[in-house]
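Per my numbering, the very first residue in the sequence shown carries number 5; after that it's consecutive.
Don't be surprised by glycine CBs; every beta carbon is placed ideally from N, CA and C.
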Amino acid sequence: MRVVVVDETGLVKMVQVETGATLNTWRQQSRQAAPQRIVVSDDETQAWCGIANGTVESVNFTTGVTATVVERPEGHLGFAGLALRDRQIVSCSTEGIVREWDQDADYAQVGEDFQAHVAANVMEQSPTDPNIVAVGGDECDLRLWDLNARTKPIFKAKRVKNDRYDLKVPVNIKAISFVPNEDSKKVIVGSAFADLRMHDARVKARPIYRTKVTDRAISALAVTHDGNMAIVGDAVGNMNLVDLRKDAQIIGGFKGFVGAVKWMQMHPTLPFVAACGLDRYLRIYDVRTRQLKKKVYLKQRLTTLSFLSELEVEIKEEPEAVDADDATTDAPEEVELEDDELWDALGSVGDTNAEVEDDMAVQAQEAKPLTAETTGKASKKAKGKRKVTSKATKASKEVPTTSTVKKPKKPKASHTL
Numbered sequence: 005m006r007v008v009v010v011d012e013t014g015l016v017k018m019v020q021v022e023t024g025a026t027l028n029t030w031r032q033q034s035r036q037a038a039p040q041r042i043v044v045s046d047d048e049t050q051a052w053c054g055i056a057n058g059t060v061e062s063v064n065f066t067t068g069v070t071a072t073v074v075e076r077p078e079g080h081l082g083f084a085g086l087a088l089r090d091r092q093i094v095s096c097s098t099e100g101i102v103r104e105w106d107q108d109a110d111y112a113q114v115g116e117d118f119q120a121h122v123a124a125n126v127m128e129q130s131p132t133d134p135n136i137v138a139v140g141g142d143e144c145d146l147r148l149w150d151l152n153a154r155t156k157p158i159f160k161a162k163r164v165k166n167d168r169y170d171l172k173v174p175v176n177i178k179a180i181s182f183v184p185n186e187d188s189k190k191v192i193v194g195s196a197f198a199d200l201r202m203h204d205a206r207v208k209a210r211p212i213y214r215t216k217v218t219d220r221a222i223s224a225l226a227v228t229h230d231g232n233m234a235i236v237g238d239a240v241g242n243m244n245l246v247d248l249r250k251d252a253q254i255i256g257g258f259k260g261f262v263g264a265v266k267w268m269q270m271h272p273t274l275p276f277v278a279a280c281g282l283d284r285y286l287r288i289y290d291v292r293t294r295q296l297k298k299k300v301y302l303k304q305r306l307t308t309l310s311f312l313s314e315l316e317v318e319i320k321e322e323p324e325a326v327d328a329d330d331a332t333t334d335a336p337e338e339v340e341l342e343d344d345e346l347w348d349a350l351g352s353v354g355d356t357n358a359e360v361e362d363d364m365a366v367q368a369q370e371a372k373p374l375t376a377e378t379t380g381k382a383s384k385k386a387k388g389k390r391k392v393t394s395k396a397t398k399a400s401k402e403v404p405t406t407s408t409v410k411k412p413k414k415p416k417a418s419h420t421l
């Protein structure tokens, strides 16, 4: 399995999940030009990044070439979403403006842009119908658009009723996910006020149910392939598995995250979910058991990712540049000569043993033999030392200590006159 991740410094990396190795890294580090959204082509040979400065860049996985394909439109502040429809790239800005560019026409704009919402935090494309997109933002409730009919939205969510104090319930959508196998009409929405809402465009404008599965802002959502379960991530690292059939009842949690969960995505075919966040780790979980299968440390804070399928991509490594002066035939000969000299200086094992034996023989000849005279003198010296030590010990025994000295008795007073 392979995952393409993006960090907040602007790097795009391809990670091999099984080994935890980074297969390749693209782009230069720049926080001002960091990608905010990424979308991968169907053949998984290239990706397009929505850059913070308003441009769109393409990254070719096979050649490693990055190029700016779309210049910054006037008034563009950032990207809320990026999607791919046939051979056209669909983008949504934070101002809620949706635009399309055609790859085959040298990235010329297709049709006129339209205002999908007043403002947008996120745009999500339907996995079953690429013509349907969902848009939401701060005080901008959910809207569904058909890109083939841009005159009005096909669904417009209605604000929930006021609370018990008759105050307006705030709306700030941070994450959107379509429920598969529901004709792109069923959508779950996570807000910055910890609300999880289920919308069904076939039933009514207000949400079917609204619940809280966490106390913090919901930052990421993902729905399983069967559409029965959803994974909810929040701003403090909580990841919960909820049952959408039972009003988002919590089934269990995914352990491991320390910082905010920034992005989650299901594998195209397998029951695995990839998640990344501010703790710099890419994590792969098994949705069925909620167990952590793999985590990879990627050095920078991660912002978004794209889970690739099992298609193989040939990664070409560029050869290292070699200077003309260094590319000579004398270099290997010099290295061989240095190696030969080194081995000659070390010598063989037999030579070293013979040298050691010779040194031992010389030391034995220089050593003086022990005679009776020398042994007698040594014994007299030892006896003298023993006498001195014995006298010192006797003197120390004779010296009274404070505990053994007896105090003199006081004389008895005489009573004679």
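In the DSSP assignment, PRO39 falls within the unbroken beta strand (DSSP E) covering 39 to 44. Shown here for ASP204: same chain residues with a beta carbon closer than 7 Å to its own, the five before and five after excluded, namely LYS189, LYS190 and ILE212 in chain order. Nearest Cα to ARG220 within the set GLN119, ARG103, ARG206 and ASN244: ASN244.
Under DSSP, ILE93 takes part in a beta bridge, and its partners are LEU88 and TRP105.
Taking 8 Å as the upper bound for CB-CB distance, LEU309 and ALA278 are in contact here, some 6 Å apart. The region 139 to 147 and the region 160 to 178 touch, with three or more beta-carbon pairs separated by less than 8 Å. Under the 10 Å beta carbon count, PRO157 is surrounded by 16 or more other beta carbons and is classified as buried.
Straight across, the Cα-Cα distance linking LEU27 with LYS160 is about 43 Å. The Cβ-Cβ distance between VAL16 and VAL7 does not fall below 8 Å.
Annotated as proximal: ILE42 and ALA51, with beta-carbon spacing under 8 Å. The continuous beta strand (DSSP E) containing VAL9 extends over residues 6 to 11.
By the neighbour-count criterion, in which a residue is buried when 16 or more other Cβ atoms sit within 10 angstroms of its Cβ, TYR301 is exposed.
The Cβ neighbour count for GLU116, taken over all protein chains shown within 10 Å, is under 16; the residue is labelled exposed. For ARG201, same chain residues with a beta-carbon under 6 Å away, outside a window of 5 residues either side, are VAL193, PRO211 and ARG214 in chain order. Each residue's CA atom was taken as its position, placing SER130 and ALA109 some 25 Å apart. Unbroken beta strand (DSSP E) stretches of 3 residues or longer found wholly inside the region 142 to 207: 144 to 150, 177 to 182, 190 to 195 and 199 to 204, given in chain order. From the listed residues VAL94, GLU99 and THR98, the smallest Cα separation to TRP105 is found for VAL94.
In terms of Cβ geometry, MET268 and LEU296 do not form a close pair [threshold 8 Å]. By the criterion of a C-beta distance shorter than 8 Å, GLU61 is surrounded in its chain by ARG31, PRO39, TRP52, CYS53, ILE55, THR70, ALA71, THR72 and VAL73, once the five residues flanking it on both sides are discounted. With a cutoff of 8 Å on beta-carbon distance, MET127 and ALA138 are scored as near each other. Going by DSSP, ASP247 is part of the beta strand (DSSP E) stretching over 243 to 247.
Here LYS216 carries a strand assignment [DSSP, helix/strand/coil]. GLY58 is positioned such that its CB atom lies no closer than 8 Å to that of ALA37. LYS17 sits in a strand when the DSSP states are folded into three classes.
In the structure shown, the three-state DSSP call for LYS266 is strand.
In terms of Cα proximity to GLU48, the closest of GLN33, PHE65, SER34 and ARG35 is PHE65. The beta carbon of MET5 is closer than 6 Å to those of VAL21 in its chain, skipping five residues each way along the sequence.
Contact between the region 246 to 255 and the region 269 to 288 is absent, with fewer than three C-beta pairs closer than 8 Å. For ASP290, the uninterrupted beta strand (DSSP E) run begins and ends at 285 to 290, by DSSP.
Using a 10 angstroms sphere on the CB of GLN92, the tally of other CB atoms reaches 16 or more, which defines it as buried.
Within 10 angstroms of the beta-carbon of ASN125 lie 16 or more other beta-carbons, which makes it buried.
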